[in-house]
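Undergrad: First the structure, which I've put down as C-alpha cells, then a few questions once you've had a look.
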Amino acid sequence: MDLRVEKCGPMTFMSDKQKGLVGALQELFPNAEHRFCVRHLHSNFKNYGFWGLAFKNILWKATRATTENEFTRIMQEMKELDESAFAWFNDKNPKEWSRSHFSCYPRCDILLNNACESFNSNILEERDKPILSMLEWIMEYLMQRLQQNRDRAKKRWKKVLCPKIQTIIDRNIEKLGDCIPIKSDDKHYQILCFDGTQYSVDLENATCGCRKWDLSGIPYKHAINAIFCQGENIENYTHQCYRVEKYLKVYEHAILPINGRKEWKKSDFVPPVPPNPVKKVGMPRKTRRLEPDEPVQKKKKRKPAPIFKEGSNKIKMQQTTVKCGKCDVQGHNAGTCQGPVIDVVTDVASQVMGRNEPVVEAPNEAVAESKSILQKLKGYIPPTSAFKLPPKATTTAPTMFEQFKQCQKGVKIREPAPFIDCERQNQEGSNSGSTPSIVKEGKRFVTLSNLSKAVNEGKQKKDKNNDKGKKKM
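If you number the sequence shown the way my numbering does, the last residue is 1131 and the count never jumps.
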C-alpha cells in the first residue's frame, strides 16, 4: 500500500459489513481488529424476518454484554425465544460485534460507526463537486476544526480530564451506593453488588471483573469504590489518552495553508482524464434509505436571511411561514392539506348559536354605563375574549367579523349584512322597541354598531330624566 501501514501496530476498523470489506481487511491488515456497526447488523437481522421489539432488545443485550459468561446466558435466552434467530449468528464471530469478545487495546467500546456518519453529513453538499474542489474544501474544513479544538482546550478546559470523560466519571460516582467493597490488600478489592453480582478489582493492572474498565479505560463504579477506599485520585487511574494534555498533543499539528490555483506549478505529467459519465435513470439519491420502522428526522429550519445585504442594492426574498387556507394551520398550504375544511363564518356562527359563546369584545365602560339597557336586550352576550381574525381584502359584502373589526377601529360601515340563512328584522317591523338584531332559530343577536346606538340612546334618556328631576326640585 502507498501508506505502508499494513505492518504497523494493532489497528481497529469499524464498518457496516459491505461486500468485499471483510476479505480485503483480512488480506491487507491481518493483525487488525474488525468490528461491525450494530445498527447495520440489526438491519440485516430484520431482513431475515426477525422483527419486533423482543428480537431488538435481546440483540442489543448481547452486544452490550462485557463478559463471556453474560454473553452466553443472553444467547441462550435468544435460543429459547427463537432457535432460527440463534442459528443466524452461527457464522458470525462475536469478536466482530459483541463487547464481551472485544480487544482491550483500543480502549474504545463503541458499537456504532457514528464518527464516519457525522463526517459524511458535513460533506453532504461538497461531495457532489469535482474531486479536487472537494479535497480543497475538506482541507480548509479540517484546518479550521483543528484550530478550534486547540483553542477550546487551551482556554476552557481547566481540569486534568476532558469534559465528556469527566461527565462519565461523575455519572459512575452516583452509582457507588450499589456496591460494598471488601479489601484484600492495597491493590486488590472484592466488590459486592446489590443485584447479586460480585467482581474483583486490580488497581495495579487497572482491570475489573466486569471488563468495563478494561474496555474503555474509564473506571466504572466497582473500580471507583476501590479507588476511594484506597484514598487515591480517580484521575490517576483513568487512561492517559483522556487527559487534556494528550488531547493538546494530538491537535498540536496544523494543516498549513497553500496558495491558490493560479500560483501552482505546472506538472510535466499527463493530466488525468475523468471517466465517462454514466447517467442513471431517475434523480440521484442524496440521503440514505430509511428502515421501515425508523422514524423520519425533521429537517432543521433555516434562519431567515436578511432582507437587505450590506454593500448591495438588491433585495432578498424574505422567508415567510405558509398558512393553509382550508384548516387555518401553519406549516402547509391548501394543496397538501389533509385536515377538515373549516369555514370561518360558519364555524363562528355555530359557536354563537349552539354554545352561546361571545364573538365580539365590547368596551367595559360602555357596558357599565348602559347596564340597564343591555339587560333588556334579548340574546345579548356579555363581552369577553373575542376571536381575532386578520382583515381580508374582498370586493364582496363584508362578513360579521369584518364589520366587528372595523367597528373596533372606528370605521364607518354600511348596514351590517346577516349571517348565512339568517333573517334580519328591521326596527320598523319589530313590535318591541329594542335594538335591530339578527334572528336565528328564535334567538336574537345584536351587532356592535346597533349596540353602540342603544348605548347612546340610553345616555340621552338618562340625561333627560336627570334634567326633569332637577326641574321638579
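Positions of the beta carbon are idealized from the N, C-alpha and C atoms, including for glycine.
In three-state DSSP terms, what is T691?
TA: First, the amino acid is wrong: residue 691 is Glu here, not Thr. E691 falls in the strand class under three-state DSSP.
Undergrad: Would you mind stating whether P634 and N830 have Cβ atoms separated by less than 8 Å?
TA: In the structure as shown, the chain begins at 659 and stops at 1131. Residue 634 is therefore absent and cannot be evaluated.
Undergrad: Does the Cβ-Cβ distance between C766 and K841 come in under 8 Å?
TA: no
Undergrad: What residues match up with K841 in a beta bridge as DSSP calls it?
TA: Residue pairing by DSSP places K841 opposite Y847 in a beta bridge.
Undergrad: From L948 to V859, what distance separates their C-alpha atoms?
TA: If you draw a straight line from the Cα of L948 to the Cα of V859, it is about 44 Å long.
Undergrad: Return the chain-ordered list of same chain residues with a C-beta closer than 7 Å to the C-beta of I882, the five sequence neighbours on each side being excluded.
TA: Shown here for I882: same chain residues with a beta carbon closer than 7 Å to its own, the five before and five after excluded, namely N830, I831, L834 and I892 in chain order.
Undergrad: Which residue's Cα is closest to the Cα of A690: V680, I885 and N705?
TA: V680
Undergrad: Considering only residues of the same chain and omitting the five flanking positions on each side of G997, which have a CB-CB separation below 6 Å?
TA: C985
Undergrad: Of the residues E685, D786 and D1125, which one's Cα is nearest the Cα of P942?
TA: Comparing Cα-Cα distances from P942 to each of E685, D786 and D1125, the minimum goes to D786.
Undergrad: S756 bridges to which residues according to DSSP?
TA: None; S756 has no bridge partner.
Undergrad: Please state the DSSP three-state secondary structure of V908.
TA: helix
Undergrad: Just mark F708 as buried or exposed, buried being the case when its beta carbon has 16 or more other beta carbons within 10 Å.
TA: buried
Undergrad: Might you give, ordered along the chain, the residues of its own chain that have their beta carbon closer than 7 Å to the beta carbon of R697, omitting 5 neighbours on each side?
TA: L770
Undergrad: Roughly how many angstroms separate the alpha carbons of E1099 and E1060, rounded to a whole number?
TA: Because the pLDDT of E1099 is 49, which lies under 50, any placement of that residue in the model is unreliable, and the question is left without a value.
Undergrad: Between which two residues does the alpha helix (DSSP H) holding V696 run?
TA: Counted as a single uninterrupted DSSP element, the alpha helix (DSSP H) harbouring V696 occupies residues V696 to N705.
Undergrad: Could you tell me whether the Cβ atoms of R814 and R757 are closer together than 8 Å?
TA: no
Undergrad: Measuring only the C-alpha atoms, how far is C837 from L850?
TA: 6 Å
Undergrad: For a quick check, are the C-beta atoms of R869 and T724 less than 8 Å apart?
TA: yes
Undergrad: Give the straight-line distance between the Cα atoms of W755 and C695, rounded to the nearest whole angstrom.
TA: 7 Å
Undergrad: Could you tell me the boundaries of the beta strand (DSSP E) in which D860 lies?
TA: Taken as a continuous stretch (DSSP letters only), the beta strand (DSSP E) holding D860 covers Q856 to D860.
Undergrad: In whole angstroms, give me the CA-to-CA distance for S1110 and G993.
TA: 42 Å
Undergrad: So the beta strand (DSSP E) S673 belongs to, where does it begin and stop?
TA: T670 to S673
Undergrad: Tell me Q988's beta-bridge partners as DSSP assigns them.
TA: According to DSSP, Q988 bridges with K981.
Undergrad: Taking all protein chains shown into account, decide if V1113 is buried (16 or more other Cβ within 10 angstroms of its Cβ) or exposed.
TA: buried
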